[in-house]
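Undergrad: Starting off with a structure, shown below.
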Amino acid sequence: MSLKQQTKEQYEAILQSVMNDPELKDDKARLQQFSNTYKDIVLAEPAIMEWEFDHWEKQTVSEFNSAITFIIFAAIFSVYAMSENWYMFTGPLAGIIIFINSMLMYPIRFKHKLTESGVYVYRYKRGKKIRQFLAGFLLLITVIAGIVLTFYMGLMAFAGAGAGMLGIFTFYALIQKQDKVKEAAIPWQGMFLVSDYSKNSFLRKDRNFFIHYMDVRCSVNDYERVKGVIKSKMREDVLYTEEENDDYCSDEFHEAIKRRELELPFYDGRLFDR
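By the working numbering, the letter at position 103 of the sequence shown is numbered 103, and the numbering carries on one by one without gaps.
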């Protein structure tokens with residue numbers, strides 16, 4: 001029996017086990033069990049390819065450019081509006097913007113592993129320790145300021161400090177959301193759609209394979225090798241599209257979706273968000 005036939009039979013056995021498990025009450029539970037099973041399998045197997053890649057999101061780059069542009073314009077305005085004390089306006093403003101950017105301006109780290117059974121992707125936003133340190137420092141400063149203002153100005157200052165702390169806690173919750181780790185695994189036999197995005201743009205120099213809402217990212221240098229592994233391991237009836245031919249309204253696309261719905265009825269296209 002060939003290795004490809006073995007992985008196919010393994011896939012069918014796992015699929016039936018998930019579908020027939022009475023403890024899995026809904027599609028969300030089945031999807032999680034299916035992904036977790038393949039995560040354990042892929043992590044235990046020897047890697048065909050394994051690599052890490054840092055991806056800068058367009059939003060992150062745009063926010064950084066906007067922040068720098070805003071600081072420059074603020075400095076120019078303050079020089080003309082208050083030439084003697086321009087730094088008193090620009091300095092604190094630049095400090096606040098740099099402080100926020102220090103917490104948010106980090107790339108997404110992707111860790112990939114391709115094996116005979118499937119694909120595993122682990123992703124998180126870098127800079128977690130710095131974000132937690134700065135958020136804790138900001139919270140500490142807010143508490144100290146609240147205590148000092150309350151001591152000197154009374155209950156009105158306490159109420160204002162409370163509102164400020166509420167805002168800090170909201171901001172801290174946003175930072176915690178930034179640190180959420182996402183991981184998913186999918187077998188080669190469970191792939192029905194693969195979109196290959198390989199064009200450069202001003203902000204994007206990486207390569208991306210979009211597999212059922214799961215991103216597999218690599219550098220330009222590794223692109224051909226990753227593409228070769230994916231195309232050699234995926235099932236024969238996969239709809240493989242390239243960027244210029246990506247048509248989500250085509251008959252082929254809808255047929256691939258129907259095949260997936262029939263074979264993996266619990267898969268709703270949000271595997272990586274689970």
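Ideal placement from N, C-alpha and C gives every residue a C-beta, glycine not left out.
Treat the numbers as computed from the prediction; the structure is a model and nothing was measured.
Please classify C218: is it buried, with 16 or more other beta-carbons within 10 angstroms of its beta-carbon, or exposed?
TA: Your numbering for residue 218 matches position 218 in the sequence shown. Classification for C218: buried.
Undergrad: Take the Cβ of V181 as the centre, count every other Cβ of all protein chains shown within 10 Å, and call the residue buried at 16 or more, exposed below.
TA: Reading the sequence shown from its first residue, position 181 is the one you call residue 181. Exposed: under 16 other Cβ atoms inside 10 Å.
Undergrad: K8: which of S117, D237, E183 sits nearest, CA to CA?
TA: Position 8 of the sequence shown, counted from the start, is the residue given in the question as residue 8. When only C-alpha atoms are compared, the closest one is S117.
Undergrad: What does N208 pair with, by DSSP beta-bridge criteria?
TA: The count along the sequence shown starts at 1 and reaches residue 208 at position 208. DSSP, once it has assigned bridges, lists Y197, R217 as partnering N208.
Undergrad: Check whether the Cβ atoms of A256 and Y38 sit closer than 8 Å, and answer yes or no.
TA: Position 256 of the sequence shown holds residue 256. Position 38 of the sequence shown holds residue 38. No, these two residues do not count as a Cβ contact at 8 Å.
Undergrad: If distances are taken between C-alpha atoms only, which option among D196, F209, Y240, Y122 comes closest to L43?
TA: Locating residue 43 in the sequence shown gives position 43, counting from the first residue. The candidate whose alpha carbon is nearest that of L43 is Y122.
Undergrad: Determine whether the beta carbon atoms of D206 and F34 lie at a separation below 8 Å.
TA: Counted from its first residue, the sequence shown places residue 206 at position 206. Counted from its first residue, the sequence shown places residue 34 at position 34. Going by C-beta atoms, D206 is not nearer than 8 Å to F34.
Undergrad: Where DSSP assigns a beta bridge to R235, which residues make up the other side?
TA: Looking up residue 235 in the sequence shown gives position 235. R235 pairs with nothing; no bridge assigned.
Undergrad: Using 8 Å as the cut-off, can you tell me whether the segment 250-265 makes contact with the segment 219-234, which would need three or more C-beta pairs spanning the two stretches below that distance?
TA: No, they do not touch.
Undergrad: Could you compute how far the alpha carbon of R30 sits from the alpha carbon of M214?
TA: In the sequence shown, counting from the first residue as 1, residue 30 sits at position 30. In the sequence shown, counting from the first residue as 1, residue 214 sits at position 214. Rounded to the nearest angstrom, the two C-alpha atoms are 18 Å apart.
Undergrad: Buried or exposed: which applies to R274, given that a residue is buried once 16 or more other Cβ atoms fall within 10 Å of its Cβ?
TA: As a first step, residue 274 must be located in the sequence shown, where it is residue number 274. Note on R274: pLDDT 46, under 50, position unreliable in the model; no value is reported.
Undergrad: Mind checking whether V229 and M191 have CB atoms under 8 Å apart?
TA: In the sequence shown, counting from the first residue as 1, residue 229 sits at position 229. In the sequence shown, counting from the first residue as 1, residue 191 sits at position 191. Result no, Cβ atoms of V229 and M191 do not sit closer than 8 Å.
Undergrad: Here's the rule I'm using: 16 or more other beta-carbon atoms within 10 Å means buried, otherwise exposed. How should K233 be labelled?
TA: Within the sequence shown, the letter at position 233 stands for residue 233. Burial call: buried.
Undergrad: Determine the DSSP secondary structure at V18, reduced to helix, strand or coil.
TA: In the sequence shown, the residue the question calls residue 18 occupies position 18. V18 falls in the helix class under three-state DSSP.
Undergrad: Cα-Cα, which of H254, R260, N208 is closest to E242?
TA: Here residue 242 refers to the residue found at position 242 when the sequence shown is read from its first residue. Comparing Cα positions, the closest option is N208.
Undergrad: Between which two residues does the beta strand (DSSP E) containing K350 stretch?
TA: Because the chain is modelled from 1 through 274, residue 350 falls outside the range shown and cannot be assessed.
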